[in-house]
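All remarks here apply to the structure that follows.
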Amino acid sequence: MIQLRAKKLASSQIFDVNYYIKAAENVGERLDGLNPYEHYEYIGDARRIEPNPLFDVHFYHESYPDVAAGRMSALFHYITHGHTEGRAPHPLFDADLVRAQTRNENDPLAAYLAAMPGSVRPHADFDEAFVLKQIGSELRTGETALAAYLRLSHTINPSAEFDCTEYLLSYPDIKDLHPFYHYIRWGKAEGRSIGAISKALRGVVDEIEFAATRDPDIVPPYTDINFLPKVVRLSNKSIKAELMAALLSAVSPNRQTVLYLVNDFVAGGAERVLANLVSAHQRDVAIEQVVVLATGGVADAAQAWLPHSDLVVVNVAKQVAGIDNIREAASVMATFLQLLAVRAVCVINSELGWSMIEMHGEALRAKTRLMACAFCYDYDSYGRRAGYAWTELANSFRHLDLLITDNTSFAFELKGDFRLSDDDFSRIKVLYQPARDAAAAAQPRSQVIGSGRPSVLWAGRFSRQKRVGLALSIASRMPGIQFLFAGGEAQDIERLPGPPPPNVKFLGRFTDFAALPYRRCSAFLYTSAWDGLPNVLLEAASVGLPIVAPEIGGIPELIHQDTGWLVADHWEPDAYVSQLRAALEQTDTAHRRTRGLRDLIDERHDPQTFTETVRSMFADCSRPARRR
Numbered sequence: 016m017i018q019l020r021a022k023k024l025a026s027s028q029i030f031d032v033n034y035y036i037k038a039a040e041n042v043g044e045r046l047d048g049l050n051p052y053e054h055y056e057y058i059g060d061a062r063r064i065e066p067n068p069l070f071d072v073h074f075y076h077e078s079y080p081d082v083a084a085g086r087m088s089a090l091f092h093y094i095t096h097g098h099t100e101g102r103a104p105h106p107l108f109d110a111d112l113v114r115a116q117t118r119n120e121n122d123p124l125a126a127y128l129a130a131m132p133g134s135v136r137p138h139a140d141f142d143e144a145f146v147l148k149q150i151g152s153e154l155r156t157g158e159t160a161l162a163a164y165l166r167l168s169h170t171i172n173p174s175a176e177f178d179c180t181e182y183l184l185s186y187p188d189i190k191d192l193h194p195f196y197h198y199i200r201w202g203k204a205e206g207r208s209i210g211a212i213s214k215a216l217r218g219v220v221d222e223i224e225f226a227a228t229r230d231p232d233i234v235p236p237y238t239d240i241n242f243l244p245k246v247v248r249l250s251n252k253s254i255k256a257e258l259m260a261a262l263l264s265a266v267s268p269n270r271q272t273v274l275y276l277v278n279d280f281v282a283g284g285a286e287r288v289l290a291n292l293v294s295a296h297q298r299d300v301a302i303e304q305v306v307v308l309a310t311g312g313v314a315d316a317a318q319a320w321l322p323h324s325d326l327v328v329v330n331v332a333k334q335v336a337g338i339d340n341i342r343e344a345a346s347v348m349a350t351f352l353q354l355l356a357v358r359a360v361c362v363i364n365s366e367l368g369w370s371m372i373e374m375h376g377e378a379l380r381a382k383t384r385l386m387a388c389a390f391c392y393d394y395d396s397y398g399r400r401a402g403y404a405w406t407e408l409a410n411s412f413r414h415l416d417l418l419i420t421d422n423t424s425f426a427f428e429l430k431g432d433f434r435l436s437d438d439d440f441s442r443i444k445v446l447y448q449p450a451r452d453a454a455a456a457a458q459p460r461s462q463v464i465g466s467g468r469p470s471v472l473w474a475g476r477f478s479r480q481k482r483v484g485l486a487l488s489i490a491s492r493m494p495g496i497q498f499l500f501a502g503g504e505a506q507d508i509e510r511l512p513g514p515p516p517p518n519v520k521f522l523g524r525f526t527d528f529a530a531l532p533y534r535r536c537s538a539f540l541y542t543s544a545w546d547g548l549p550n551v552l553l554e555a556a557s558v559g560l561p562i563v564a565p566e567i568g569g570i571p572e573l574i575h576q577d578t579g580w581l582v583a584d585h586w587e588p589d590a591y592v593s594q595l596r597a598a599l600e601q602t603d604t605a606h607r608r609t610r611g612l613r614d615l616i617d618e619r620h621d622p623q624t625f626t627e628t629v630r631s632m633f634a635d636c637s638r639p640a641r642r643r
């Protein structure tokens, strides 16, 4: 069977042996005397090795999955069936268009390969005559214009309407792909823009360039206007227009505004930081409007943490979800910001916000200050770094005026990972979060609950990061202690190996730490696998609970030998058991360390100091910074 198919390939003028051998070598496949047609059938098709520059094996299989289902290679299928069925061999090749020009009802690709360069246009967006003028003598004998175009520089334009250089500058995420190939295969459907400044605007451009020589605040003198960052104009009558309308109807465009972009209001540490920042703006006369935009979800538990006055909260998650591509939604948001009197924009866990900064940060920073929050790296189930701090920050940091974090450890980790200079490192602000009034800690706490046993409180989200299973394992090793778990129920725990130990009680979800029965507890247990400086530890510290926590992230900046019990081997349940027993049994040490912790809280996590720091940060936003 393979030999018969190989003979069919050999009889086709589409299979370019020399091209195939080089393509195979580029992916580490040496034929070592094997017949190239048989090699393609045995190996090449599965590895998506192209037998011709105009036959895209990957594209063909992706477009027509029935080919692989029928156990045929892409090229064999095209030669025997595909060309008669009107199937496209390449995203830049329009079979119907070529057939109409050549009036050849047989294989249109073979007809194009045999045609004189310049006589047939392979795609409506590919002006072959226009391309040949740019290629000139670089066209090889027997080579088609399209093949030469794909072989040569990515900056050669396929037509007067498509600017490859501007496309690459506008969309740096496609830097490893041919810009025209990307646009035809994916970009057009994603709504990406292709044009440089139109000739109709050339006179306006000339005026801008002249004005820039008189007033450098317009644009830097002698700057090529084509290469200035731009925000793409919004088209009318679309879901994107609905998003813009929702934004404009909720926000007053002429008031001095601070804008926060969040995903949603799930009750977590990042949302507590949002609440702290927004509260610090209250009664700040320099800021006329604080806006919080939820861009990715409908959870609203943490919305109760936000102040109820002088705040605009808008959830546009529905409109954003209706837009096919997050980059298009980011362009709408960037356009919206151009219409606002916005002093600063701060992104907290919003995919839309991060995309907007990455795509349009250079243009937006001329109008406003751009800020973002990041507290630690996340990790996936394989232990690999993940989360916005890993996937988005590297491409966005250069546009940020300020990156806010809650711990020094992560700031220095970023400095090393991103190889930041001292000047760049100065744009990372360690903003220690405020704790509640520690006067509550002076209130008496009983060491028993119901059964007369000492009690330990665990509070947090029931997620893989927080390692609820590890906490349950610790509880099982301490049957004489009552463990209270706040944050969910047993059914919320992923991969629970068996029933919880009998000394465990679940308190359900909570949004307010003050509502938990902490006064009846003797210690607080924290078991997260990774973190910044968790707000829940500040809350436990503010009510005087002795704390046992892992030695990760920014936690050692709060919990150490003078303020609590730190667990170095934080993946070992027995290591926690040892520290918990010390916290419960060494009464004098516990009192001394909780006093030391309260002193640190009073000194470094004072709410008034936090408010003054935030107001100072945003007071510097009265004029956008211009970077060299």
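Take the sequence shown: its letters are residues 16 to 643, numbered as in the working numbering. Ideal placement from N, C-alpha and C gives every residue a C-beta, glycine not left out.
query: Residue(s) in a DSSP beta bridge with lysine 520; result: Leu499
query: Those runs of the alpha helix (DSSP H) which lie wholly inside the stretch 101-132 and span at least 4 residues; result: 110-117 and 123-129
query: Through-space distance from isoleucine 567 to glutamine 594, alpha-carbon basis; result: 16 Å
query: For proline 515 and phenylalanine 390, the rounded distance between their alpha carbons; result: 32 Å
query: Three-state class that DSSP yields for threonine 99 in the structure shown; result: coil
query: Among Arg20, His73 and Ser78, the one whose alpha carbon lies nearest that of histidine 51; result: The sequence as given places proline at residue 51; histidine does not occur at that position. For the residues Arg20, His73 and Ser78, the minimum Cα distance to proline 51 belongs to Arg20.
query: Any 3 or more C-beta pairs closer than 8 Å across the stretch 116-129 and the stretch 79-92; result: no
query: Threonine 170 to arginine 413 span [Cα, whole Å]; result: 25 Å
query: Where lysine 190 sits in the DSSP three-state scheme; result: coil
query: 6 Å Cβ shell around glutamine 623 - same chain, five flanking residues per side excluded; result: none
query: Beta-carbon contacts of alanine 204 that lie in its chain and below 8 Å, excluding the five residues immediately before and after; result: Asp339
query: Separation of proline 187 from serine 208, as counted between CA atoms; result: 13 Å
query: Whether alanine 490 touches alanine 538 by CB criterion (9 Å); result: no
query: At least 3 beta-carbon pairs within less than 8 Å: the stretch 300-314 vs the stretch 363-373; result: yes
query: Beta-carbon gap between arginine 155 and proline 68 smaller than 9 Å; result: no
query: Which listed residue (Leu553, Glu600 and Arg62) has its alpha carbon closest to that of alanine 529; result: Leu553
query: Complete runs of the alpha helix (DSSP H) confined to the stretch 283-339 [at least 4 residues]; result: 284-295 and 332-336
query: Arginine 434 in three-state terms, based on DSSP; result: coil
query: Beta-carbon proximity of glycine 475 to alanine 501, cut-off 9 Å; result: yes
query: Cα-Cα separation between proline 80 and phenylalanine 280, rounded to whole angstroms; result: 41 Å
query: Nearest to arginine 342 (by Cα), restricted to the options Trp405, Ala598, Asp142 and Glu373; result: Glu373
query: Alpha helix (DSSP H) runs wholly inside the stretch 590-626, at least 4 long, in chain order; result: 602-619
query: Buried or exposed (CB count within 10 angstroms, at least 16 for buried), proline 678; result: Here the chain covers residues 16 to 643 and nothing more, so residue 678 does not appear.
query: Residue closest to serine 631, alpha-carbon to alpha-carbon, out of Gly495, Asp299 and Ile254; result: Asp299
query: Exposure of histidine 323, with buried meaning 16 or more beta-carbon neighbours within 10 Å; result: exposed
query: Where isoleucine 508 falls, given that 16 or more other Cβ within 10 Å makes a residue buried; result: buried
query: Valine 471, enclosing alpha helix (DSSP H) - first and last residue; result: Valine 471 -> not in any alpha helix (DSSP H); beta strand (DSSP E) instead, spanning 470-474.
query: Length of the line joining the Cα atoms of lysine 148 and alanine 160; result: 10 Å
query: Runs of beta strand (DSSP E) lying entirely within the stretch 348-436, each at least 3 residues, in chain order; result: 357-363, 384-388 and 417-420
query: Straight-line gap, methionine 16 to glutamate 56 (C-alpha atoms, nearest Å); result: 10 Å
query: Limits of the unbroken beta strand (DSSP E) element including lysine 444; result: 443-445
query: 6 Å Cβ shell around lysine 444 - same chain, five flanking residues per side excluded; result: Leu417 and Ile419
query: Beta-carbon contacts of alanine 261 that lie in its chain and below 8 Å, excluding the five residues immediately before and after; result: Val329, Val331 and Gln334
query: Own chain partners of glutamate 44 with C-beta closer than 8 Å, once the 5 adjacent residues on each side are dropped; result: His54, Ile58, Gly59, Arg62 and Ile64
query: Heavy atom of the ligand SAH within 8 Å of arginine 20 beta-carbon; result: You won't find the ligand SAH in this model; it holds no ligand whatsoever.
query: Among Leu355, Glu587, Gly151 and Tyr196, nearest to proline 268 - alpha-carbon criterion; result: Leu355
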